[in-house]
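K.L.:
To start, I am sharing the structure in question, which I have written as structure tokens.
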Amino acid sequence: MPFWTEKSLAEMTEAEWESLCDGCGKCCLIGLEDEDTGEIYLTDVACKLFDGAACRCSDYANRKQHVPDCVKLTPENVPTLTWLPKTCAYRLVHEGRPLYAWHPLVSGDAESVHRANVSVRGKVRSETSVKTRNLIKRITQWPEPSSPPPPAKPKRAAAPRKKPGTT
Ligand code: SF4
Ligand code: SF4
Numbered sequence: 001m002p003f004w005t006e007k008s009l010a011e012m013t014e015a016e017w018e019s020l021c022d023g024c025g026k027c028c029l030i031g032l033e034d035e036d037t038g039e040i041y042l043t044d045v046a047c048k049l050f051d052g053a054a055c056r057c058s059d060y061a062n063r064k065q066h067v068p069d070c071v072k073l074t075p076e077n078v079p080t081l082t083w084l085p086k087t088c089a090y091r092l093v094h095e096g097r098p099l100y101a102w103h104p105l106v107s108g109d110a111e112s113v114h115r116a117n118v119s120v121r122g123k124v125r126s127e128t129s130v131k132t133r134n135l136i137k138r139i140t141q142w143p144e145p146s147s148p149p150p151p152a153k154p155k156r157a158a159a160p161r162k163k164p165g166t167t
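The sequence shown begins at 1 in my numbering and counts up one residue at a time.
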């Protein structure tokens, strides 16, 4: 059985954890929070370190040095990060749902996430080119599947890892 159907997030090895990212790039977008409701609205403006053509962080290993507030996903914080897209593989696994057919781990093809129109590749501009006061005009309704895949069978319970993986 594929590891993401058998293991909880906390049980994954670092390599498995890293491979779970589908490369959509949506977690690298600037989000604006509604102060009244707490809701986060994503823009089409990406972090200054994001390579929009490659759809990935341009210095992933050292990202915290460049962007100290970059949020490192962990098994502990994934359940609390409401701004993660519904398609995010970490969110899906946490919710006990299967991955979509276009996920590279399922399709075996890193391009499938882009062909499925789920990624932000080629569709964003850098935060370095947008004034903060104009961010509100950049709020974007990114396409998402109308409904998430139904939950898979329950996984067995697991103790949290002492050293969570990274993304
Ligand atoms: S939203 Fe999730 S799947 Fe998409 S790039 Fe971010 S961590 Fe990876
Ligand atoms: S530092 Fe890298 S991983 Fe973090 S938000 Fe920016 S582009 Fe994404």
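Glycine included, each C-beta is placed from N, C-alpha and C at the ideal position.
Nothing here was measured: the structure is a model prediction, and the numbers come from that model.
Leaving out five residues on either side along the sequence, give the residues of the same chain with a beta carbon under 6 Å from the beta carbon of VAL130.
P.N.:
Here the set comprises VAL45.
K.L.:
Under a criterion of Cβ closer than 5 Å to any non-hydrogen atom of ligand 2, which residues qualify, in chain order?
P.N.:
Here the residues come out as CYS28, CYS47, LEU49, PHE50, CYS57, ARG63, VAL67, CYS70.
K.L.:
Is GLY25 near ligand 1 - that is, is its Cβ less than 7 Å away from at least one heavy atom of it?
P.N.:
Within the cutoff, so yes.
K.L.:
Are GLY96 and ALA53 closer than 8 Å when you measure CB to CB?
P.N.:
No, they are not a contact pair.
K.L.:
Could you pull out every unbroken alpha helix (DSSP H) segment of at least 4 residues lying fully inside the stretch 24-63, listed in chain order?
P.N.:
Within the stretch 24-63, no complete alpha helix (DSSP H) run reaches 4 residues.
K.L.:
Using 8 Å for Cβ pairs, my map puts GLY187 next to VAL120. What's the rounded Cβ distance?
P.N.:
Given that the chain is displayed from residue 1 to residue 167, the structure contains no residue 187 and the question cannot be resolved.
K.L.:
Between the Cα of ILE139 and the Cα atoms of ARG125, THR80, ALA10, which residue gives the shortest distance?
P.N.:
Per the Cα distances, ARG125.
K.L.:
Taking 7 Å as the line, does the beta carbon of LEU84 fall inside it for any heavy atom of ligand 1?
P.N.:
LEU84: yes, Cβ under 7 Å from ligand 1.
K.L.:
Could you tell me which of PRO98, TYR60, LEU49, CYS28 sits nearest to SER8, measuring between CA atoms?
P.N.:
Closest option to SER8, Cα to Cα, is PRO98.
K.L.:
Going straight from the alpha carbon of ILE30 to that of ARG91, what length do you get?
P.N.:
Computed Cα separation, rounded: 19 Å.
K.L.:
Which same chain residues, not among the five before or five after GLU33, have their C-beta less than 6 Å away from its C-beta?
P.N.:
For GLU33, where only same-chain residues beyond five positions count, the Cβ hits under 6 Å are ILE40.
K.L.:
Specify, as a first and last residue, the run of the alpha helix (DSSP H) that TRP4 falls within.
P.N.:
Segment 3-6, the alpha helix (DSSP H) holding TRP4.
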